[in-house]
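Undergrad: Would you mind keeping the following structure in view while I ask a few things?
2 protein chains.
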Amino acid sequence: MAEPVQKRARETRARLIAAADALVAERGFEALRVEEVVLRAGVAKGTFFSHFRDKDALMDQLVGARINGILDEIEAGEAPRDVDEMVAALVSLMRFMTCERYVFDLILRYSGAAAVEEIGPIARTFGRQMDIAVGWLHEGPFRRDVPADLLAEGVQAFLVQAMALHFCMLHSDQAMRDRLAVYLRAWLMPAV
Amino acid sequence: MAEPVQKRARETRARLIAAADALVAERGFEALRVEEVVLRAGVAKGTFFSHFRDKDALMDQLVGARINGILDEIEAGEAPRDVDEMVAALVSLMRFMTCERYVFDLILRYSGAAAVEEIGPIARTFGRQMDIAVGWLHEGPFRRDVPADLLAEGVQAFLVQAMALHFCMLHSDQAMRDRLAVYLRAWLMPAV
DNA sequence: CCTTGAAAGTGACCGTGGTCATATTGGGTA
DNA sequence: TACCCAATATGACCACGGTCACTTTCAAGG
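Residue numbers (this note's numbering), protein chains in the order written: chain F, 289 to 480; chain S, 289 to 480.
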C-alpha cells in the first residue's frame, strides 16, 4: 500500500494507474471497473488490492492528481484582487469537481482525513486550496475583522455549497459561478 | 415505489420499515443488510426492491424521519436571540447527522435533489431547515445587509463544514460546537 | 360465483468489489 | 552457486446489492 520497494512492484503499480487513467479517459470515472483495470494492466485481481486498499483509494490517486494539476495552474496565475476575479480563478476547479456526480461525492468523502486514517491525495489538495486562499485574502481588499484562515475555510464551505446546489437545479456553469459570487461577496465584503 | 394502493402492499412496506428500524436500533445504519431486512420482515428480496428503488432509498426514509423528529423539537423551542443560542439549537441536529460517517455521507448525497429525480425525505428536511433559519434570522439581531435566505444558505454551508471537519480531527461534540460558533459569528455578525 | 387483468410477491441469478491461502519471484547471505 | 525468506502475485472464492421472468393474489365487472 505504501510505495512498494521492489522495482517489479513499482512497475505493476504504474501499469495499474496507467490502465485506470486510460479507462477513465474513455468512459469516465463512474464507469471504471476494477476487473477491467486489472485486465488491461495484465495482472490478477488480488494484485490490485495489494496496491490499493480499495477501489476508492485508486480514485483518490487519480482525482487528487487532476486537482493538483488544476491548483498548479491557479497558483501560476496571479492573486485575484476582488470577488469576481476570485470566482473566475476557481471556475476550473469547480468544473472538474462537478464533472460527474460520482466524482463530487468521492471528493466530499475524501476531503477530510475522514474515511481513511492516513491523509490521502484529495485531502491534501484541500490543504493546498486553503493555503492558496489564505495568500489571496492577505493581499486583496477583503474584510480584516476576522483571521484570513477563517475566511479561507468559509470560501471552501461556500465553494462546496455552490457545487452541491449545482446538482440540484437546472445546472449551468454560469449559475454555479453566479451563486459562488453572491456567497463570496457576502462573506468577504460585508457592508453592515 | 410510490405509496402502494392495496392494503397488503402497504402492510408489507410497513413491515419492511419496521424491520429496518429495529435492525438499525440494534446495529446502526452502516451495518444494515437488505438480506436481513427481508428475512426479518418475512418477504422475498425482490419484494424489497419493488418497494424501494434501492437500499439508499430506504435509508433516505429512515434518516429523513429522524431528522424531521429533531426539527420538530427545534421548531417547538423558541427562536435563538444570538449566535450561541443558535448553535445550541443546532447541536442535536449535528449530533445525529454525525452519529455515523455513513449517515453523514448519505445525507450529503441526498441533501439535494441530486442523485434522485423526485425529491426525497432528506432533501425535504433541508428545505425545512432553511425555513426555520430564515425565521430566526428575521427576528434576531443579525446582519441585515444581505437577504435572510442567503444568510440561511450560509448557515447551512457552515453547518456542513463544521460537521465535515468533525470527522477529520480529534472530534468532540464541544469542538464541533465551537467551530460552528466561530463560523456563524463571522457570518452573521461581521464587524468590519 | 366466475373471469380476468393489474398489483404484489418470489427466488434463482448476476455483477462487482473485496479476501485469503497458496505459489512465485527477487535479492541478500554463506 | 545454492539457499532462504520476505515481497509480490495469483485466482478461486465470498458478500452483498440489485434484476427479471414467472407465480400468486386481489378486486372489479359480468
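Each residue gets a CB set at the ideal place from its N, CA and C atoms; glycine is no exception.
Output, in chain order, the set of chain S residues within a Cβ distance shorter than 8 Å of residue 397 of chain F.
TA: Position 109 of the first sequence holds residue 397 of chain F. Ordered by position in chain S, the residues that pass the 8 Å Cβ test against residue 397 of chain F are 393.
Undergrad: The alpha helix (DSSP H) with residue 334 of chain S in it runs from where to where?
TA: Against the second sequence, residue 334 of chain S aligns to sequence position 46. 333-339 is the span of the alpha helix (DSSP H), which, as asked, contains residue 334 of chain S.
Undergrad: Please work out which residues of its chain come closer than 7 Å, Cβ to Cβ, to residue 432 of chain S, disregarding the five sequence neighbours upstream and downstream, and give them in chain order.
TA: Numbered from its first residue, the second sequence carries residue 432 of chain S at position 144. Excluding positions up to five away in sequence, the list is empty.
Undergrad: So which residues on chain F does residue 317 of chain S lean against when the C-beta distance must stay under 7 Å?
TA: Residue mapping note: residue 317 of chain S aligns to position 29 of the second sequence, counting from 1. Per Cβ cutoff of 7 Å: no residues; residue 317 of chain S is ~15 Å from chain F at best.
Undergrad: Could you check whether the region 410-430 of chain S touches the region 348-362 of chain S, counting it as contact only if at least three pairs of C-beta atoms, one from each stretch, sit closer than 8 Å?
TA: Yes, the region 410-430 of chain S touches the region 348-362 of chain S.
Undergrad: Should residue 420 of chain S and residue 362 of chain S be called a contact, given that it needs their Cβ atoms to be closer than 8 Å?
TA: Along the second sequence, one-based indexing puts residue 420 of chain S at 132. Along the second sequence, one-based indexing puts residue 362 of chain S at 74. Taking 8 Å as the Cβ cut-off, residue 420 of chain S and residue 362 of chain S qualify as a contacting pair.
Undergrad: Taking only beta carbons into account, state which residues of the region 339-352 of chain F come closer than 8 Å to chain S, listed in chain order.
TA: Listed by position along the chain: nothing, the set is empty.
Undergrad: Out of F:438, F:381, F:454, which has the shortest C-alpha to C-alpha gap to residue 450 of chain S?
TA: Walking along the second sequence from the start, residue 450 of chain S turns up at place 162. Taking only the C-alpha atoms, the option nearest residue 450 of chain S is F:438.
Undergrad: Which residues, in order along the region 420-433 of chain F, keep a beta-carbon less than 7 Å from a beta-carbon of chain S?
TA: Listed in sequence order: 431, 433.
Undergrad: What is the residue span of the alpha helix (DSSP H) that residue 328 of chain S lies within?
TA: Stepping through the second sequence from its first residue, residue 328 of chain S is reached at position 40. Start and end: 322-329.
Undergrad: Just to confirm, are residue 395 of chain S and residue 382 of chain S a CB contact at a threshold of 8 Å?
TA: Counted from its first residue, the second sequence places residue 395 of chain S at position 107. Counted from its first residue, the second sequence places residue 382 of chain S at position 94. Not closer than 8 Å, so no.
Undergrad: If you draw a straight line from the C-alpha of residue 417 of chain F to the C-alpha of residue 456 of chain F, how long is it?
TA: The residue labelled residue 417 of chain F in the question sits at position 129 within the first sequence. The residue labelled residue 456 of chain F in the question sits at position 168 within the first sequence. So the two alpha carbons sit approximately 25 Å from each other.
Undergrad: On the criterion of 16 or more Cβ atoms from any shown chain inside 10 Å, does residue 316 of chain S qualify as buried, or is it exposed?
TA: For this step, residue 316 of chain S is matched to residue 28 along the second sequence. Looking at its Cβ environment, which holds fewer than 16 other Cβ atoms inside 10 Å, residue 316 of chain S is exposed.
Undergrad: I'd like to know if the region 292-305 of chain F and the region 326-339 of chain F are in contact, where contact means that at least 3 CB-CB pairs between them fall below 8 Å.
TA: Touching, per the Cβ criterion.
Undergrad: Considering only residues of the same chain and omitting the five flanking positions on each side of residue 425 of chain F, which have a CB-CB separation below 7 Å?
TA: Position 137 of the first sequence, counting from 1, holds the residue named residue 425 of chain F. Cβ within range, chain order: 436, 439, 440.
Undergrad: Under a CB-based cut-off of 8 Å, is residue 470 of chain S close to chain F?
TA: Numbered from 1 along the second sequence, position 182 holds the residue referred to as residue 470 of chain S. At least one chain F Cβ lies under 8 Å of residue 470 of chain S.
Undergrad: Nearest-angstrom Cα distance between residue 415 of chain F and residue 445 of chain S?
TA: Taking the first residue of the first sequence as position 1, residue 415 of chain F is located at position 127. Taking the first residue of the second sequence as position 1, residue 445 of chain S is located at position 157. Taking the straight line from one Cα to the other gives about 19 Å.
Undergrad: Tell me whether the beta-carbon of residue 367 of chain S lies closer than 8 Å to the beta-carbon of residue 428 of chain S.
TA: On the second sequence, residue 367 of chain S is found 79 positions in, with the first residue counted as 1. On the second sequence, residue 428 of chain S is found 140 positions in, with the first residue counted as 1. Yes, the pair counts as a contact, with Cβ atoms nearer than the cut-off.
Undergrad: Take residue 319 of chain F as the anchor and find which of F:295, F:334, F:344 has the nearest alpha-carbon.
TA: Counting from 1 along the first sequence, the entry for residue 319 of chain F is found at position 31. Here the closest residue by C-alpha is F:344.
Undergrad: If we call anything under 8 Å between Cβ atoms a contact, is residue 323 of chain S one with residue 333 of chain S?
TA: By one-based count along the second sequence, residue 323 of chain S stands at place 35. By one-based count along the second sequence, residue 333 of chain S stands at place 45. Yes; because the gap between Cβ atoms is below 8 Å, this pair is in contact.
Undergrad: By Cβ distance, which residues of its chain are closer than 6 Å to residue 471 of chain F, with the 5 residues on each side in sequence left out?
TA: As a position in the first sequence, residue 471 of chain F is number 183, starting the count at 1. These residues qualify, in order along the chain: 446.
Undergrad: Using the three-state DSSP reduction, which class does residue 477 of chain S fall into: helix, strand or coil?
TA: What you label residue 477 of chain S is simply residue 189 of the second sequence in a count that begins at 1. Here residue 477 of chain S sits in coil by DSSP.
Undergrad: So which residues of chain F does residue 292 of chain S contact, with C-beta pairs closer than 7 Å?
TA: Reading the second sequence from its first residue, position 4 is the one you call residue 292 of chain S. Those do not exist, as residue 292 of chain S stays about 28 Å from chain F at its closest Cβ, beyond 7 Å.
Undergrad: Does chain F have any CB closer than 8 Å to the CB of residue 448 of chain S?
TA: Locating residue 448 of chain S in the second sequence gives position 160, counting from the first residue. At least one chain F Cβ lies under 8 Å of residue 448 of chain S.
Undergrad: Does residue 441 of chain F come within less than 8 Å of chain S when only Cβ atoms are used?
TA: Counted from its first residue, the first sequence places residue 441 of chain F at position 153. Yes, contact with chain S.
Undergrad: Residue 420 of chain S by DSSP, collapsed to three states: which one?
TA: Numbered from 1 along the second sequence, position 132 holds the residue referred to as residue 420 of chain S. It is helical.
Undergrad: Could you spell out the range, first to last residue, of the alpha helix (DSSP H) harbouring residue 363 of chain F?
TA: By one-based count along the first sequence, residue 363 of chain F stands at place 75. Element bounds for residue 363 of chain F: 343-364.
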